[in-house]
Amino acid sequence: MDTVVSGIRSTGNLHLGNYFGMVRNAVKMQYENKCYFFIADYHSLTTHPNPVDLHMNIKQVMAEYLACGIDPDIATLFIQSDVPEVCELYLLLNMNAYIGELERTTSFKEKVRKQPENVNAGLLTYPVLMAADIIIHRANKVPVGKDQEQHLEMTRKFARRFNTMHKVNYFPEPEAYNFGEELIKIPGLDGSGKMGKSEGNGIFLVDEPKTIRKKVMRAVTDTGPEKQGQEPSEPVKNLFTLMEVMSDPGTVEYFREKHASCEIRYGDMKKQLAEDMINFTTPIRERINEIMSDNNYLSKVVREGAEKARESAGKTMRDVREIIGYRSF
Ligand code: TRP
Numbered sequence: 000m001d002t003v004v005s006g007i008r009s010t011g012n013l014h015l016g017n018y019f020g021m022v023r024n025a026v027k028m029q030y031e032n033k034c035y036f037f038i039a040d041y042h043s044l045t046t047h048p049n050p051v052d053l054h055m056n057i058k059q060v061m062a063e064y065l066a067c068g069i070d071p072d073i074a075t076l077f078i079q080s081d082v083p084e085v086c087e088l089y090l091l092l093n094m095n096a097y098i099g100e101l102e103r104t105t106s107f108k109e110k111v112r113k114q115p116e117n118v119n120a121g122l123l124t125y126p127v128l129m130a131a132d133i134i135i136h137r138a139n140k141v142p143v144g145k146d147q148e149q150h151l152e153m154t155r156k157f158a159r160r161f162n163t164m165h166k167v168n169y170f171p172e173p174e175a176y177n178f179g180e181e182l183i184k185i186p187g188l189d190g191s192g193k194m195g196k197s198e199g200n201g202i203f204l205v206d207e208p209k210t211i212r213k214k215v216m217r218a219v220t221d222t223g224p225e226k227q228g229q230e231p232s233e234p235v236k237n238l239f240t241l242m243e244v245m246s247d248p249g250t251v252e253y254f255r256e257k258h259a260s261c262e263i264r265y266g267d268m269k270k271q272l273a274e275d276m277i278n279f280t281t282p283i284r285e286r287i288n289e290i291m292s293d294n295n296y297l298s299k300v301v302r303e304g305a306e307k308a309r310e311s312a313g314k315t316m317r318d319v320r321e322i323i324g325y326r327s328f
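Residue numbering for the sequence shown follows numbering that gives the first Met the number 0, starting at 0 and increasing by one per position.
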């Protein structure tokens, strides 16, 4: 059985793109692996959030992942800052992380460009903290997107460096978790690309029905097919893709035929799509809201998650201290 670690960014609500991408896979993964899912709330300090926002974001993310089906009795779901052991490993790894290699990291260079007014040491050592998150549970698999591949590469380097330096074979070198064909790409409503956080392009799991209707009705289309059997344009293709995920096959077929015979009315198609999205998201939204108003449940989940995570992290740190030479007399 593999040990999986996955860090969840603590900003931004989940949208359908996240749901059919990472989240649904995380839910599946928990049954087949030993999973550690955590909210990366130390990492989020690099942008200096205020205390109220920080707290509310953590709560919201927790509620959303639980509502989507992460089972805290099966996976270990926790908040990063509840596990101080990770800070100790971060400090130790920092002694063997070189300024040059950290400065060359793509994500760091991007931050320097985007926020020159806040280039802090936390940003520079972000990959070291991420490595600590992963290897503290001696994970061998990490589900990451393209943008995190370099960080995972650095994690392997730091793990290897520790092993070599101390002539041990203690930390596994974690690999990317391969989703294979299972990742469904969800397009946005703006005609191109994939669903993201930007306004108007995404449908969030917490969106109310009237918001969903408004967003879908504003989705980009075209002026309509001009000849029979014509391929749909890019924005219309995207709507069909969304419909394939959200609606039943008969509905998709109906609108495909209407398009092929040039009789399609995009307004009708959007109305249908919006209702199917509402049907899909409503139970999840209700569950999110239910969890958000149940502080007893949330604090139980968080407490038990921290306990399980600290047990695993604590064991690693006892070994690491011994290996490094912090020994009792
Ligand atoms: N850097 C990751 C992101 O931006 C979040 C993260 C932090 C993470 N620590 C991690 C992901 C450990 C996987 C494993 O999405």
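Every residue, glycine too, gets a C-beta built ideally from N, C-alpha and C. These numbers come from a predicted model, not from an experiment.
Contact check between the region 111-123 and the region 151-164: fewer than three CB pairs, one atom from each, fall below 8 angstroms, which does not count as touching. Not one heavy atom of the ligand TRP lies closer than 7 angstroms to the C-beta of G266. In the three-state DSSP reduction, T222 falls in the coil class, being neither helix nor strand. Selection Q147, V219, T210 evaluated against R8 yields Q147 as nearest (Cα-Cα).
If you check the C-beta of Q147 against the ligand TRP, you find a heavy atom less than 7 angstroms away.
By the Cβ-count criterion, S298 is exposed, with fewer than 16 other Cβ atoms from all chains shown falling within 10 Å of its own Cβ. T315 has its alpha-carbon roughly 14 angstroms from the corresponding atom of L92.
Short of 7 angstroms from the beta carbon of V167, and not among the five residues preceding or following it, lie these beta carbons of its own chain, in chain order: I322. With a cutoff of 7 angstroms, D1 does not count as near the ligand TRP, since its C-beta is closer than that to no heavy atom of the ligand. Non-local beta-carbon contacts of L13 in its own chain, meaning distances under 6 angstroms to residues more than five positions away in sequence, involve E63, L204 in chain order.
The beta carbon of N237 sits closer than 6 angstroms to those of P186, all from its chain and outside the five residues before and after it, given in chain order. For V4, the enclosing beta strand (DSSP E) has its first and last residue at 2-7.
For secondary structure counted as the alpha helix (DSSP H) over 4 or more consecutive residues, the region 58-143 holds these complete runs in sequence order: 84-93, 98-102, 105-113, 120-123, 125-134. Measuring C-alpha to C-alpha distances from E233 to each of V219, E100, G324 identifies V219 as the nearest. Secondary structure note for Y35: its beta strand (DSSP E) is the uninterrupted segment 33-38.
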